[in-house]
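Protein chains in written order, with my numbering: chain A, 1 to 357; chain B, 1001 to 1357.
The C-beta atom is built at its ideal place from N, Cα and C for all residues, glycine as well.
Encoded as structure tokens, the structure appears first; notes follow it.
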């Protein structure tokens, strides 16, 4: 059963809030109609709307069996946070055992694979229930050899000033808008949340380092089948000290014809290091455009064709000013594709597709 | 027992030649006195010198037991090539079984871990013999958080125009020269051959992509203990379509104070893609200097302080001209540290260390 057919109970115990439970929150944003409940003992009794500010009446519960029975009933459990420390807490183990015993699939994006847990893996096999570790890389990934450059489709990669600035959201919005205009457009998921949404993809941050670009290449080839435009989900940032390797591998492996630069205008510093003392200041947009085009050029020249801003934390007026400033600074079309009309970016992608022919 | 105490039989069956058996050849170049024999049925009866053009009288043999008994006798088997297709051929399995039965350790740099092989792993445990899969990443690698920038030592990273241009060799030569000048200098191995030579390190191409920079950071912190200069082995190239992610992660994670640019002047195209049709043309040296400094800058500014050329395939005159041309093009000191005096680069590193204080 593809994820699009499942109804999920989301596990987010102790961490369900607007900032921490990123995976849970993205799933709620993208397919709220398929979430029956969220399990967090700390927030139990409230609605998702009350916790996040969106998500409507989906209940937050303290008990797994209670949660499974809500709405039309859950058919799967989705792990929506990483447990602190990376190890599976005992309570989680109990919940997952209970879910498997009841025949519910488990969908997990953790770096530690649930299917490899001796107890839970054996139980799943015994019950004939599937555990989907979406971060588990496919076997036999190739080293990239340039085949992504040979697809007929236009390939557009989202790049960003930081992690968590809306790269996936931007591509999903653009995909919907391009499909509405009649273009056969695929979204290629490169991270766990994207895979939860689309039901296929590779978490490129979880592959062995030698095969990042090879994974990206394979994804583009698959996404280009029967599609004219391929929108590749971005990961990390070329200026992110921890994840830049993933970002460059994805850039060189996917051989994009065009790039969309994503940014959150209220963010001045790379977020993951802001808590200690701020470390990496985000360069100006024009410098980021230049950095990405220079990084791509030796392998395969590519241009940034537009800027997507994430203005959720700005007033409407400040957001419109940020869009105008981004256009000024880069000379490129810009928008917030969630808040405003995505048309300027959709047109930029159509123009890039036309130029390809 | 550290690798420096072992005497090795090198397994290179069917692939022992100057170009294919890169790992075997590096080990022979760096510690010939500890190699008792090379196993290659195709080349058996010749000497290593006859096959490679260096390595002296080390014999090439067709039989494992014969090889183990040569010289002072092998204490370990070193896997010096990757078997075609990645799977362990049946003959290899037999040889490794025989070696373990005789109490010989196995040192392997393969992506497929010998210790995970049910039969060989069990045999090793039963006999109390160690299998060293040097590409196996340490457990619990961190995401990089900038601690490499805080060490007191000068950190120098080798970067390159391509894979296999002599980045490791250059750093080893410079390490020896710096030690001779009285500097407490460590060489930090980031690939399998370097680990065979030094006995410690992490193969950063084998870690999960999210942790490339974290692995580099850990290595620098370890290398800086009781050393004033840390020379980090480079991997891949920022312009290599397959491995650039590893290279950028290593650059951002190791937070180098200075970089050494390595290049083979006779090479015009990235080597791994030359066989099909040439794909990526290597940019001019000055452009490579610029590319690396721009890639480093947003995270931590760093400068290229010198150029190391690998001129093994040039006449002496052509080599000297290449060195002069590199100095001209970049305005930096250049040398071939194997063929000529490494002094210009050693002095450049000393100057960088002095500037740090």
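Buried/exposed call for residue i, threshold 16 Cβ in 10 Å
i, result
"residue 158/A", "buried"
"residue 45/A", "exposed"
"residue 235/A", "buried"
"residue 101/A", "exposed"
"residue 342/A", "buried"
"residue 1065/B", "exposed"
"residue 1394/B", "Missing from the structure shown is residue 1394/B; chain B here goes from 1001 to 1357 and no further."
"residue 89/A", "exposed"
"residue 170/A", "buried"
"residue 1004/B", "exposed"
Reduced DSSP category for residue i - H, G, I as helix; E, B as strand; rest coil
i, result
"residue 1180/B", "helix"
"residue 92/A", "helix"
"residue 254/A", "helix"
"residue 263/A", "strand"
"residue 19/A", "coil"
"residue 350/A", "helix"
"residue 132/A", "strand"
"residue 237/A", "coil"
"residue 300/A", "coil"
"residue 98/A", "helix"
"residue 1285/B", "helix"
"residue 207/A", "coil"
"residue 1337/B", "coil"
"residue 1058/B", "coil"
"residue 312/A", "coil"
"residue 1196/B", "helix"
"residue 1361/B", "This structure gives no information on residue 1361/B, because the portion of chain B shown stretches from 1001 to 1357."
"residue 186/A", "strand"
"residue 1037/B", "strand"
"residue 1076/B", "strand"
"residue 1324/B", "helix"
"residue 1161/B", "coil"
"residue 220/A", "helix"
"residue 1231/B", "strand"
"residue 1047/B", "strand"
"residue 11/A", "strand"
"residue 65/A", "helix"
"residue 123/A", "helix"
"residue 386/A", "The displayed coordinates of chain A run from 1 to 357. Any statement about residue 386/A would go beyond what the structure contains."
"residue 156/A", "strand"
Any chain B beta carbon closer than 8 Å to residue i
i, result
"residue 6/A", "no"
"residue 248/A", "yes"
"residue 359/A", "The requested residue 359/A is not part of the displayed model; chain A covers only 1 to 357."
"residue 59/A", "no"
"residue 136/A", "no"
"residue 159/A", "no"
"residue 208/A", "yes"
Any C-beta of chain A under 8 Å from that of residue i
i, result
"residue 1036/B", "no"
"residue 1205/B", "yes"
"residue 1151/B", "no"
"residue 1195/B", "no"
"residue 1212/B", "yes"
"residue 1144/B", "yes"
Rounded Cβ spacing between residue i and residue j (contact assumed at less than 8 Å)
i, j, result
"residue 1049/B", "residue 1016/B", "At roughly 13 Å, the Cβ-Cβ gap does not stay under 8 Å, so residue 1049/B and residue 1016/B are not in contact."
"residue 1259/B", "residue 1304/B", "5 Å"
"residue 1074/B", "residue 1067/B", "7 Å"
"residue 219/A", "residue 195/A", "Not a contact, Cβ separation roughly 11 Å."
"residue 174/A", "residue 337/A", "6 Å"
"residue 1294/B", "residue 294/A", "6 Å"
"residue 179/A", "residue 246/A", "About 28 Å separates the two Cβ atoms, so there is no contact after all."
Residue i at chain E interface by Cβ criterion, 8 Å
i, result
"residue 1283/B", "Here chain E cannot be found, since the structure's protein chains are A and B."
Residue i: CB within 7 Å of a non-hydrogen atom of the ligand ATP
i, result
"residue 161/A", "Ligands are entirely absent from the displayed structure, and the ligand ATP is therefore not among its contents."
query: Given a limit of 7 Å on CB to CB distance, which residues of the region 226 to 245 of chain A reach chain B?
result: 239, 241, 242, 243, 244, 245
- request: Quick one: which residues of the region 1252 to 1273 of chain B get their C-beta closer than 9 Å to a C-beta of chain A? List them in chain order.
  value: 1252, 1253, 1255, 1270, 1272, 1273
query: Which of the residues in the region 1291 to 1321 of chain B, read from start to end, lie with their CB under 9 Å from any CB of chain A?
result: 1291, 1294, 1295, 1297, 1298, 1299, 1300
- prompt: Which residues, in chain order, does the region 337 to 352 of chain A contribute to contact with chain B at a C-beta distance below 9 Å?
  reply: none
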